[in-house]
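Step one of this worksheet: look at the structure below.
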Amino acid sequence: MANKCCPEKVAFLITNQNVAFTEEDREFLEALSPVQMEKMIASINQVPVVNSAPAPATMDEVLTIAGPFADQIRAGLAALSAQREAVTLKITANARNTFTAEQLGGMTIEQLQGIAHLAGDVNYAPAAPAVNRASAPVPYVTPALFQ
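Numbering-wise (the numbering used here), the sequence shown opens with residue 1 and increments by one.
Written out as structure tokens, the structure reads:
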């Protein structure tokens, strides 16, 4: 059954660059009911929603957007900065350190913590010999074999 009520819509679908219909699909498109044709054209004509708002460029803009969470963001950033500074000082204080301040500045806090953990002094305390911690020497007592 050919639907002759919508030849302009069929031509629109075939010539539209956003769909993959070709002249070979004309028979299929002409067989569609007017309701099906309207649904198909409506789905093609939908305008995609695009976020046109510019991304925040400065921290002040981010904090303005954050609203009530701005204080928490500031506190978190201050804590992260203090932690980064402490870990960087620990790494640079090590005599075996080969990293420059610029290299350390480009690393994440997780990387810095890993390096700082490796840069710590070696602790041989678990390998210490067992020592008797008695406060007074224990006298030698001979075993009583025959009593």
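Beta carbons: idealized from backbone N, C-alpha and C, even for Gly.
Are there 16 or more other CB atoms within 10 angstroms of the CB of Thr88, so buried, or fewer, so exposed?
buried
Can you give me the start and stop residues for the alpha helix (DSSP H) that Thr92 sits inside?
70 to 93
Look up Val138 in the DSSP assignment and say whether it is helix, strand or coil.
coil
Determine the DSSP secondary structure at Met107, reduced to helix, strand or coil.
coil
Hey, out of Ile115, Ala125, Val35, whose CA is closest to Arg96's CA?
Ile115
For Ile73, is the classification buried or exposed, using 16 other Cβ atoms within 10 angstroms of its Cβ as the cut-off for buried?
exposed
Rounded C-beta distance between Leu63 and Ala70? I'm assuming under 8 Å.
4 Å
In whole angstroms, what separates the C-alpha of Val19 from that of Lys39?
14 Å
Cβ shell of Arg84 (< 6 Å), same chain only, five flanking positions each side left out:
Ile109
Given a cut-off of 8 Å, decide if Lys90 and Ala53 are closer than it, judged by their beta-carbon atoms.
no
Excluding the five sequence neighbours on either side, which residues of its own chain have a C-beta within less than 7 Å of the C-beta of Leu104, listed in chain order?
Thr88, Ile91, Leu112
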